[in-house]
Every structure is written in structure tokens, then in C-alpha cells.
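A.B. asks: Those letters in the sequence shown? Residues 3 to 354, by the numbering used here. From the three backbone atoms N, C-alpha and C, an ideal C-beta is built for every residue, glycine too.
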Amino acid sequence: MSPHALLQARPGWWLGASLCLALGFAVQLGAVPITVTDWLLIHKVLEWPATSEVSEALSGGAHVLFNLRLPRLLLSVLVGASLGVSGALTQSLFRNPLAEPGLLGVSAGAACAAALTIVLIGELPTIIVAEVRVLLLPLAAFTGALVVCFSLEHMARWIAPGSIAALLLTGIAMNALAGAVIGLCTYLANDEQLRSLSFWTLGSLAGAQWLWVGLFAGLLGTGYCRLRRSMRTLNALALGETAARQIGVDVDTLRKQIIVWVALLAGLAVAFCGMISFVGLIAPHLVRLWVGPDQRQVLPLSMLLGGLLLLVADTLARVVAVPAEVPVGIFTALVGAPFFFVLVRQARVQAG
3 MSPHALLQAR PGWWLGASLC LALGFAVQLG AVPITVTDWL LIHKVLEWPA
53 TSEVSEALSG GAHVLFNLRL PRLLLSVLVG ASLGVSGALT QSLFRNPLAE
103 PGLLGVSAGA ACAAALTIVL IGELPTIIVA EVRVLLLPLA AFTGALVVCF
153 SLEHMARWIA PGSIAALLLT GIAMNALAGA VIGLCTYLAN DEQLRSLSFW
203 TLGSLAGAQW LWVGLFAGLL GTGYCRLRRS MRTLNALALG ETAARQIGVD
253 VDTLRKQIIV WVALLAGLAV AFCGMISFVG LIAPHLVRLW VGPDQRQVLP
303 LSMLLGGLLL LVADTLARVV AVPAEVPVGI FTALVGAPFF FVLVRQARVQ
353 AG
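Here you go:
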């Protein structure tokens, strides 16, 4: 069997193996070296409740491994998977390969709502802020992404249905509007709020926690189980709304479901990790080049490839300037922007 045929036969196995291999390398890389002794202390992590002896044992490399590095690596995989599947859903919804939550303003809308929340909740009493901050910020980001998704869907239909140029121009306008609001929040923010706003604009996984890992794992598991039932209907939607309706697909309900899941996945990713662009564009496109347009393969493989891409980007962000750290959004933009230019060129060539 030729190498090309071998790659085509088991794409999921190849991506899964590559992801595990990348995790193995990434966990060893960083400012603090990890030894076998640190790994052997995993039984201390499982002890509950934690005692002073456990805290003393989990010092140095073991503390970095179990409390900092592992949550960050797993969160990068889960967030990348969320961005990958949200990008695949966005491209399926608008039926063109240039659609992506970041390019269409969805991520900017989530960041805009998060920026408004950061500035406005600074005026609330400290006790109220401490109690609601954990839920308020993700909820605000989801709401902002949802508003942009519905606005974009309706405006693209109204301006020029089926036009890629109109869709991208509408997304540019959404990004500009959200950027203006974020700039206003930056102008009004105090020093502490400015640090938080810088986090949203550049993107970072430095604040990863096990709670976030559990949240994203539950979200992705629920989302994939729900979307798995709709994969065949997503294939029908690729033929056009008229053809999909003729074979019995409830197009309006399907579109609303896709918009809600795109907003939820992209919005929560922005809420916890800031604006990380182009992962949702690159992963689904590479998967379609690999296995074709069948959504039964595109969605799960986009999750795996998105997780792999963000894991590699975050690892580079951690190690390229040790002991300092580069925001991961810079790496994804450096790779994604040239890739987007190539996609635009291909679209122009195909259009003649």
C-alpha cells in the first residue's frame, strides 16, 4: 500500500497518534524541566483532601507538571478542537471555505462583549463581582458571539445571498465595529482592566485551570453528540437550501442550531483564552483537502486537527522566548494570514 493510500485509509488514527505524540513532547518542554520522579508523584495528586504533606511533595517540577503544564496543554487541545469544529460548522452554514468565526467577526463579537463586561463590572461591589465573575464573563462572550452570528446570517442574506465577497465584507464590518467598542473600553479602563483587555486581544492559555478543562471537555462531548445526529443533514445543506428542503430537511431549525453551537464554542473559547484566530479556518480546510467534503469525517477530524494546531502553537509560544512567553494569538496569526491569502487566490482561480 502506498503512503498516500495509507494516510487516506485511517485519517483519524494518524491525527490521534500525532496529537498524542505532540502532547508527549510538549509536556517535557518549558522553562522548568520535568523528570520521571515528578510523574511518579501522580498518586499524591489523587489524594483528597489535600494535606500539607501533599503540598510539600508537589513542589518544583511536580507542581509545574500537575497544576500548570498539564491543564494548559489539555486546555489548548480542547480549545483548538472547539475552534476547529466551530470553523467547520461556519463553513458549512455559509457554504464557502473562507468563512471562519474570527474572519466573520464572531470571535470579535465575543471579545467585545467580554471587554464591556470587564469594564462595567468594575463598577459593581466587590462581593457581587467575586460571586458572579466566573459565570458572567463566559455568558457575556457567548451572548456577543450569538448576536454577531445571527446578525451576520441575516445581513449576508439581505445584502447579497450566496456572495462570498458580501459575506467577507460584512465580517470585516463586524470586526471593525467590535474593534471600535474594544478600543473605547480600553480608553475607559483602569490599569487592572487594561491588563485583562490585553489578554483578550492577544490570546493566551497561561491562566488554564482544571475547572476550565472539565468545562470544555463536557461542552465538546455534549456538542459532538448533538451534532453527530445532524451530520447527514449538513451534507444535504451543502447542496443548497432548496435541495435540502426538497429531501425533507428543516433548514431553518438546522441553521439556528448551527449558529447557537458556533456561538457557544467560539464564544467560550474567547471568554477563557482570548482571541485566537485562523485555527477555525485552517483545520477544516486541510481536512477537506485530505478526506473530502463529507461532514461525517470533516467535523471529528477538524476537532483533532484544531487541537493539534493550537497545541503546537502554544508550545512554541511557551518555549521560543524562555523564560518569557509570547501570546499564542501571534503565532496563529503569523501562520494563518498567509494561509488565508492562498485560499483567496485559490477561490479566484476556481471562479475563473
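Of the residues Arg97, Leu72, Ile284 and Cys151, which one's Cα is nearest the Cα of Ser109?
C.D. replies: Taking the first residue of the sequence shown as 1, we reach residue 109 at position 107. It is Cys151 whose Cα lies nearest to the Cα of Ser109.
A.B. asks: Run the CB neighbour count on Glu194, radius 10 Å, all protein chains shown included, and call it buried at 16 or more, exposed below.
C.D. replies: The residue labelled residue 194 in the question sits at position 192 within the sequence shown. Flag for Glu194 reads exposed.
A.B. asks: Could you give the distance in angstroms between the alpha-carbon of Leu100 and the alpha-carbon of Thr39?
C.D. replies: What you label residue 100 is simply residue 98 of the sequence shown in a count that begins at 1. What you label residue 39 is simply residue 37 of the sequence shown in a count that begins at 1. Going by the C-alpha atoms only, they are around 47 Å apart.
A.B. asks: Looking at C-alpha atoms only, which residue of Arg290, Leu236 and Asn69 is the closest neighbour of Trp214?
C.D. replies: Your numbering for residue 214 matches position 212 in the sequence shown. For Trp214, the nearest C-alpha among the options comes from Asn69.
A.B. asks: Mark Gly225 as exposed unless 16 or more other C-beta atoms lie within 10 angstroms of its C-beta, in which case mark it buried.
C.D. replies: Your numbering for residue 225 matches position 223 in the sequence shown. Gly225 should be labelled buried.
A.B. asks: Looking at C-alpha atoms only, which residue of Ala83, Val34 and Thr203 is the closest neighbour of Phe218?
C.D. replies: Here the question's residue 218 lines up with position 216 in the sequence shown. Nearest option by C-alpha distance: Ala83.
A.B. asks: Mind reading off the beta-carbon distance from Ala64 to Gly269? Whole number of angstroms is fine, and I expect it under 8 Å.
C.D. replies: For the purposes of this step, residue 64 is identified with residue 62 of the sequence shown, where counting begins at 1. For the purposes of this step, residue 269 is identified with residue 267 of the sequence shown, where counting begins at 1. Their Cβ separation, rounded to whole angstroms, is 35 Å, which puts Ala64 and Gly269 out of contact at 8 Å.
A.B. asks: Could you compute how far the alpha carbon of Thr334 sits from the alpha carbon of Arg247?
C.D. replies: As a working mapping, residue 334 is identified with position 332 in the sequence shown. As a working mapping, residue 247 is identified with position 245 in the sequence shown. Approximately 38 Å between the Cα atoms of the pair.
A.B. asks: Give the secondary structure of Ile184 by DSSP, where H, G and I count as helix, E and B as strand, and everything else as coil.
C.D. replies: Position 182 of the sequence shown, counted from the start, is the residue given in the question as residue 184. In this structure, Ile184 counts as helix in the three-state DSSP scheme.
A.B. asks: Below 8 Å on the Cβ atoms is my guess for Gly205 versus Ile278; work out the distance and round it to an integer in Å.
C.D. replies: For the purposes of this step, residue 205 is taken as residue 203 along the sequence shown, with counting starting at 1. For the purposes of this step, residue 278 is taken as residue 276 along the sequence shown, with counting starting at 1. The pair is a contact, with the Cβ atoms about 4 Å apart (cut-off 8 Å).
A.B. asks: Where do the ends of the alpha helix (DSSP H) carrying Val305 lie?
C.D. replies: Residue 305 sits at position 303 when you count from the first residue of the sequence shown. As written in the sequence, residue 305 is Met, which differs from the Val given in the question. Its alpha helix (DSSP H) spans residues Gln297 to Val321.
A.B. asks: Starting from the C-beta of Leu25, find all residues in its chain whose C-beta is less than 8 Å away, skip the five residues before and the five after it, and write them out in chain order.
C.D. replies: Within the sequence shown, the letter at position 23 stands for residue 25. So the qualifying residues of the chain are Leu75, Val79 and Leu313.
A.B. asks: In the DSSP assignment, the alpha helix (DSSP H) including Val66 goes from what residue to what residue?
C.D. replies: For the purposes of this step, residue 66 is taken as the residue at position 64 of the sequence shown. Premise fails: Val66 is in no alpha helix (DSSP H) and is neither H nor E.
A.B. asks: Closest to Leu105 by CA distance: which of Val300, Leu283, Ile332 and Gln299 is it?
C.D. replies: Stepping through the sequence shown from its first residue, residue 105 is reached at position 103. It is Leu283.
A.B. asks: Going by DSSP, what residue range makes up the alpha helix (DSSP H) through Glu243?
C.D. replies: The residue labelled residue 243 in the question sits at position 241 within the sequence shown. First-last of the alpha helix (DSSP H) with Glu243: Glu243 to Gln248.
A.B. asks: Taking the alpha helix (DSSP H) that Ile120 belongs to, which residues open and close that run?
C.D. replies: Start at 1 with the first residue of the sequence shown, and residue 120 comes out as number 118. Looking at the DSSP string, the run of the alpha helix (DSSP H) that includes Ile120 is Val108 to Leu122.
A.B. asks: Could you tell me if Phe27 is buried or exposed, where buried requires 16 or more neighbouring beta carbons within 10 angstroms of its beta carbon?
C.D. replies: Locating residue 27 in the sequence shown gives position 25, counting from the first residue. Result: exposed.
A.B. asks: The alpha helix (DSSP H) that contains Arg257, what's its start and end?
C.D. replies: Residue mapping note: residue 257 aligns to position 255 of the sequence shown, counting from 1. From DSSP, the alpha helix (DSSP H) with Arg257 extends over Val253 to Cys275.
A.B. asks: Leaving out five residues before and five after Val253 in sequence, what residues of the same chain have Cβ atoms less than 6 Å from its Cβ?
C.D. replies: Sequence index remark: in the sequence shown, residue 253 carries index 251 (1-based). Cβ within range, chain order: Glu243, Ala246 and Arg247.
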